[in-house]
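All remarks here apply to the structure that follows.
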Amino acid sequence: MRRQVIEKLEILADAAKYDASCASSGGKRENSPTGIGNSTGAGICHSYTEDGRCVSLLKVLFSNVCIYDCAYCVSRRSNEEVTRVAFTVDEVVELTMGFYKRNYIEGLFLSSGIFKDADTTTEKLVAVARSLRQDHGFNGYIHLKVIPGASPELLTEAGRLADRLSVNVEIPSEAGLKQVAPEKDYDQVFGPMGHVRDGITEAKEERKKDRRAPRFAAGGQSTQLVIGATPETDRQILELSDGLYSEQKLRRVYYSGFVPLGGDDRVPDPETYRAPLHREHRLYQADWLLRKYGFDLDEVAPPGSGNLDAEVDPKTSYALRFPYLFPVDVNTAPVEWLQRVPGLGIRSAKRIVAARRRGVVRWDDLRTMGVVLKRAQFFLTTPDHRPQLIDRDPNAVRQRIVGGRGDGAPQLSLFAPAPVRLAAPASAPLPKAA
Amino acid sequence: MMDTKRSPTAASPPALPVDPHLAVETDGTLAGLLCAYAETYRLGVLPVSVGLIGEPASGALFGDVLRVETQAAIASRVERGLDRLVPGLVGRIHRAILGERPGIEVAALRLADTVRAEGAAAADDWTFEPAREVAQWSGRVGREAHRMEAFVRFERHVADGAETWVATARPEYHVLPILHGHFAARYPTLAWRIVDVRRGLALVHTPAMDRAAGDPPTRIVPAVTLGLGDEAPDEAAYQRMWRAYFQAVTIPERRNLALHLRHVPKRYWPYLTEKQPTVGSPRFDAEAG
Ligand code: SF4
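These protein sequence lines map, in sequence, to chains Z and S.
This note's numbering applies: residue 4 is where the first sequence begins, and numbers increase by one.
This note's numbering applies: residue 463 is where the second sequence begins, and numbers increase by one.
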């Protein structure tokens, strides 16, 4: 039996590995005295793959048998290179429990090829979750992938059992999706997504009235976008993400640089194509600004702007597009403004605010506080540091940052007079925080 | 650094001076340190060093050595007082002293006293050295504890029909005292232990049904006092499956060893199941099974 399980595990983990999401955070499931596991607070990465990605969950397909033929997917019907296998419900349950007790994982992320129809497939995923929760007292993290087209009843049960549900959009435009996944359309994706969203909202309302009301996917809903399989630009992708956050109330959008598998000419050819890792990275940075830093879509990626700046991070790119908003005074700027300074994170901004409550913050204090000044030096002032380059020549700032010479003490500006701050033009898109 | 930063609140007496001749000794616990604060506050000075009872203080000769007796009631009174001023401060101090860094206790006392005298803002002011030191060491120890929560690997052992889940680790800092909550909440029904081979100590958990009422769920004991059962029959199979899984989820096109090493530094490898070679070929097993 072990032989079969280990071989299935190899195949079904391999097929699931391209799904970027591995987060196990946001769960609110506390353990009971007789149960096993919990998923409160931040998730834990129990290991990292050799390509540097977090391993937090046992991430497998239930089966790689699929009736669909999505060009970007290794499990597509027309791919004759893979061995088709399926776990049993008990096998997945045993693996999850065995791995969890050994502290290998935070829980299970279960997805599947569509082996008959959406409901038959979803029923298996739900059966695994049900057995874990009810037969084994498992309170660890469960993330179920919703199969497009699954019925509302099954989704409701899935939401009760799981900490997170996701429906993958995969391709960032419907036209693109049609090209590479002929059986799919956006209705199949956004139907269940809306149902899950409403389930989450309702459960939250109910729990406000009655603390014992059942939870519903308390870790929220997420999705994944594949980058590079189809021709959408970063601006188009972020536009979609922005809408998913505001309208579908998603907790996270994951970006997965397409890794071509070969054998399907609807998607780029592995011979000539390189996985767009740099784009993936910039998209994550931009997404972070949208979710955590209060940036607007247009500030991060202006309309019609195509792809994000490859040379500098999105926050630096923003600052260089709006040079008249900088430099920012470390001793007076609101914390939301400090966070907009390239190179300053939320933590550095808080540290600055804490220190200036007790006195004037000077250049050396910033260093003492562990603030990384490599990029920030061009965009902030202290009484003894008054950079002017950003006013005079934003392009020179860009060059110094790109050239890696954005390092070291502020000699150039140390003795320069304080710049006269001009009010920004009335039409300028001021940061909302101001 | 600057005098402008010291603005005592009207009601509190100003921060205490450090007496260069006063050394104190405690039992090395957080409670001991909190009692030391109560004691030295009463004297109106802070000590220049904090040592362990029974261990000769290194270096200079001190005028006085004050031996502090740990009293739970006093410790919890100080703890409540500090936590009211800055929520989480006592936890921060606890993590910092587990870094076993000489001098960190004195920094903690100065921080606690400054917060008392000048208000909560001092606790997060990194330009104030004791606040920075405590925060940095607390961060280091907290990160190591978080890594242990991630990287500890339990193996199933059986002795006389009872199972025990055993993990071995070599943490940089003395993190066992802050790991118990996490693992006890996660595995309340399992008998587990985490052995710190660097310090020869083990954190041992006894499930509720096996312990007398009133006994704590976990305790820290010398590792040599613990017997070992035999590895359970299914243990090797699970380890092998975990390694197979770990191999399968790597995307070869994206292999990035530098990044991998940043996340999983080599010093953790000897204790990670996924980094152990599989002895014997799975093929062979496959045919036999
Ligand atoms: S439906 Fe899912 S498993 Fe099937 S081919 Fe499409 S992406 Fe792959």
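Ideal Cβ placement from N, Cα and C applies to all residues, glycine included.
Note that the structure is predicted; figures quoted are calculated from it, not measured.
Along the chain, where does the alpha helix (DSSP H) that runs through residue i open and close?
i, result
"S244(Z)", "237 to 249"
"A664(S)", "Not the alpha helix (DSSP H): A664(S) falls in the beta strand (DSSP E), residues 663 to 667."
"V338(Z)", "338 to 341"
"A653(S)", "Segment: none, A653(S) is in no alpha helix (DSSP H) and carries neither H nor E."
"G162(Z)", "155 to 164"
"F645(S)", "638 to 648"
"F298(Z)", "It is not in any alpha helix (DSSP H) - F298(Z) carries neither H nor E in the DSSP assignment."
"S169(Z)", "Careful: S169(Z) lies outside any alpha helix (DSSP H), inside the beta strand (DSSP E) at 167 to 169."
"L492(S)", "492 to 505"
"S474(S)", "Taken as a continuous stretch (DSSP letters only), S474(S) belongs to no alpha helix (DSSP H), as it is neither H nor E."
Rounded to a whole number of angstroms, what is the C-alpha to C-alpha distance between residue i and residue j?
i, j, result
"S50(Z)", "Y503(S)", "46 Å"
"V331(Z)", "G406(Z)", "23 Å"
"L415(Z)", "P390(Z)", "Low local confidence applies: a pLDDT of 38 at L415(Z) is under 50, so the model's placement there is unreliable, and no value is given."
"R660(S)", "T630(S)", "10 Å"
"V149(Z)", "R542(S)", "48 Å"
"R378(Z)", "E242(Z)", "27 Å"
"A289(Z)", "L347(Z)", "15 Å"
"A437(Z)", "D586(S)", "Per-residue confidence for A437(Z) stands at a pLDDT of 31, beneath the threshold of 50, marking its modelled position as unreliable; no derived number is given."
"D54(Z)", "C48(Z)", "14 Å"
"E501(S)", "T488(S)", "11 Å"
"S225(Z)", "L571(S)", "46 Å"
"T236(Z)", "S59(Z)", "30 Å"
"R324(Z)", "W291(Z)", "19 Å"
"R269(Z)", "L180(Z)", "11 Å"
"H667(S)", "F118(Z)", "44 Å"
"N310(Z)", "G266(Z)", "28 Å"
"T576(S)", "R615(S)", "42 Å"
Please name the residue in the options whose C-alpha comes closest to that of residue i.
i, options, result
"G110(Z)", "R133(Z), L61(Z), N67(Z), A74(Z)", "L61(Z)"
"R602(S)", "Y635(S), D658(S), D586(S)", "Y635(S)"
"P639(S)", "M610(S), A535(S), A584(S), E617(S)", "M610(S)"
"T233(Z)", "Q227(Z), A178(Z), V149(Z)", "A178(Z)"
"R442(S)", "L514(S), Q533(S), V527(S), E580(S)", "With chain S running from 463 to 751 in the structure shown, residue 442(S) is simply not present."
"G553(S)", "G506(S), L641(S), R618(S), K728(S)", "L641(S)"
"P326(Z)", "K295(Z), W340(Z), F382(Z)", "F382(Z)"
"Q598(S)", "W704(S), H556(S), P669(S), A674(S)", "H556(S)"
"I14(Z)", "S59(Z), S66(Z), G46(Z), L292(Z)", "S66(Z)"
"A698(S)", "A647(S), R618(S), T626(S)", "R618(S)"
"Y258(Z)", "V338(Z), L180(Z), V172(Z)", "V172(Z)"
"N106(Z)", "Y649(S), H667(S), V657(S)", "Y649(S)"
"R294(Z)", "D245(Z), P263(Z), D138(Z), P306(Z)", "D245(Z)"
"Q701(S)", "P714(S), V577(S), T735(S)", "T735(S)"
"A221(Z)", "L168(Z), G38(Z), E94(Z)", "L168(Z)"
If I measure Cβ to Cβ from residue i and keep anything under 8 Å in the same chain, skipping five residues before and after, which residues do I get?
i, result
"A19(Z)", "K62, V63, L64, F112, S114"
"V356(Z)", "V338, L341"
Output needed for residue i: all residues of its chain with C-beta closer than 7 Å, excluding positions within five of it in sequence on either side, in chain order.
i, result
"G260(Z)", "I230, G231, A278, P279, L280, R282, E283"
"E567(S)", "L495, V512, I559"
"A322(Z)", "F329, P345, F382"
"R605(S)", "none"
"P151(Z)", "A121, V170, K187, Q191, V192, P195"
"E314(Z)", "V405"
"Q342(Z)", "Y296, I349, A352"
"Y276(Z)", "P263"
"G561(S)", "W599, R602, V603, Y635"
Which residues mark the beginning and the end of the beta strand (DSSP E) in which residue i is found?
i, result
"W627(S)", "624 to 631"
"Q227(Z)", "224 to 230"
"H146(Z)", "144 to 148"
"W731(S)", "Premise fails: W731(S) is in no beta strand (DSSP E) and is neither H nor E."
"T680(S)", "680 to 684"
"A621(S)", "617 to 621"
"L60(Z)", "60 to 64"
"Y461(Z)", "The shown model of chain Z, from 4 to 437, leaves out residue 461(Z), and the question about it has no answer."
"F193(Z)", "Run containing F193(Z): none in the beta strand (DSSP E); it sits in the alpha helix (DSSP H), 189 to 212."
So if DSSP puts residue i in a beta bridge, which residue, or which two residues, is it bridged to?
i, result
"D526(S)", "L484(S)"
"C57(Z)", "Y51(Z)"
"A89(Z)", "S66(Z)"
"G373(Z)", "Per DSSP, none; premise fails for G373(Z)."
"V512(S)", "V486(S)"
"A383(Z)", "First, the amino acid is wrong: residue 383(Z) is Leu here, not Ala. Bridge partners of L383(Z): V331(Z)."
For residue i, which residues of its own chain have a beta-carbon under 6 Å away from its beta-carbon, when the five flanking residues on both sides are left out?
i, result
"K467(S)", "Confidence in K467(S) is poor, its pLDDT being 46 and thus under 50, which makes the residue's placement too unreliable to answer from."
"P528(S)", "For the sequence presented, residue 528(S) should be read as Leu rather than Pro. So the qualifying residues of the chain are V486."
"A674(S)", "none"
Give the residues of chain A in contact with residue i, contact being defined as C-beta atoms less than 7 Å apart.
i, result
"L719(S)", "The structure shown contains no chain A; its protein chains are Z and S."
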